[in-house]
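**Student:** Structure in structure tokens, see below.
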Amino acid sequence: MELKPETPWDGTPDISARIVVAINRVASVLRAGMWEFATAENLNPTQADILQLLRDRTHGVRLSWLAVQLSVSAASASDSVAALVAKGLVRKDRAEDDKRATALWLTDAGKTLAEKQAKALGFADDAAAALDREVQERLLVGLFKLIAELQKTERFPALRACLSCRYFEANKFPGSPAPHHCALVKAPLPIAFLRIDCAEQEPTDPVTERRNWTAFA
């Protein structure tokens, strides 16, 4: 049997494995920043995550949606929400689309604290902003493609992303610098302006959403 000669790089993990390790390390730094903020504000990490998820949401969200986003049980999410309600940071009211159901919003105090929370993680935004514009755009596109692949595993929770929005018109102007179109603002949508979390997003139908993400992947 012919043996391949050894090289100094034989033990190097695949690029895919190193990408996952890098993302995990970045996530660890962000979690540490979130933990520091939560501790200072007498919150647990789940409560801090809920503030982040409810920030900038003009429509109330259901408890079941929160549980899916947090990857926790409905009971665990309910306990965290109850604590935030008791602190005056979250309010419960009738859902706008179904008066029989309950939805959740941030109170004014909750909004103020959520803004403070965003600033507490500003060090990460500063680091990303320090990258060259071209690098930022390539990184954003790469992350969208990675999310698109992860969506095939059904492990990735729903996002308020452009590709999941009913206003998103994919490849309306193929080959142009702004190939997509946003029907909400009635303007071409450059790839660099695609959003992962948009306050104005309204979910599209599952078939269109799947087609958008599949095409992007």
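Just so we're on the same page, our numbering is the position in the sequence shown counted from 1, plus 512.
Beta carbons are placed, not taken as given, at the ideal position from N, Cα and C, and that holds for glycine.
Who are the near neighbours of Ala-673 in its chain, counting only those whose CB is closer than 6 Å to its CB and skipping five residues on each side?
**Tutor:** Ile-708
**Student:** Once the 5 residues before and after Ile-659 are set aside, which same chain residues still bring their CB inside 7 Å of it?
**Tutor:** Once the five neighbours on either side are set aside, the close Cβ partners of Ile-659 are Phe-668.
**Student:** Using a Cβ-Cβ cut-off of 8 Å (strictly less than) and excluding sequence neighbours within five positions of Phe-685, which residues of its own chain qualify?
**Tutor:** Pro-691, His-692, His-693 and Pro-700
**Student:** Ends of the alpha helix (DSSP H) at Leu-565?
**Tutor:** 557-566
**Student:** Would you kindly check if the distance between the Cβ of Leu-652 and the Cβ of Ala-704 is under 8 Å?
**Tutor:** yes
**Student:** Excluding the five sequence neighbours on either side, which residues of its own chain have a C-beta within less than 8 Å of the C-beta of Ala-613, listed in chain order?
**Tutor:** Arg-574, Arg-606 and Ala-607
**Student:** Alpha carbon to alpha carbon, how far is Val-533 from Ile-527?
**Tutor:** So the alpha carbons of these two residues sit roughly 10 Å apart.
**Student:** By Cβ distance, which residues of its chain are closer than 6 Å to Phe-680, with the 5 residues on each side in sequence left out?
**Tutor:** Cys-674.
**Student:** What three-state label does DSSP hand Arg-723 in the structure shown?
**Tutor:** helix
**Student:** How is the beta strand (DSSP E) around Thr-614 delimited, first residue to last?
**Tutor:** 614-618
**Student:** Would you mind working out which of Arg-723, Leu-565, Ser-585 and Asp-638 sits nearest Ala-626, comparing C-alpha positions?
**Tutor:** Leu-565
**Student:** Determine the burial state of Ser-592: buried for a count of at least 16 other Cβ atoms within 10 Å of its Cβ, exposed for fewer.
**Tutor:** buried
**Student:** Mapping the DSSP letters down to three states, classify Val-584 as helix, strand or coil.
**Tutor:** coil
**Student:** Going by beta-carbon coordinates alone, are Val-730 and Thr-619 separated by less than 8 Å?
**Tutor:** With the chain represented from 513 up to 729, any question about residue 730 goes unanswered, as that position is not in the structure.
**Student:** To the nearest angstrom, how far is the alpha carbon of Val-580 from that of Glu-646?
**Tutor:** 34 Å
**Student:** Could you give the distance in angstroms between the alpha-carbon of Ala-639 and the alpha-carbon of Leu-542?
**Tutor:** Taking C-alpha positions only, Ala-639 is separated from Leu-542 by approximately 12 Å.
**Student:** Go ahead and pull the three-state DSSP assignment for Glu-712.
**Tutor:** coil
**Student:** Restricting to Cα atoms, I'd like to know which of Ala-544, Asn-724 and Thr-726 is closest to Leu-633.
**Tutor:** Ala-544
**Student:** So Val-602 is in the beta strand (DSSP E); what residue range does that whole segment cover?
**Tutor:** 602-606
**Student:** Going by alpha carbons, who is nearest to Ala-615 out of Ser-576, Asp-644, Trp-725 and Ser-588?
**Tutor:** Ser-576
**Student:** How big is the Cα-Cα spacing for Glu-553 and Val-538?
**Tutor:** Cα to Cα, Glu-553 sits roughly 23 Å from Val-538.
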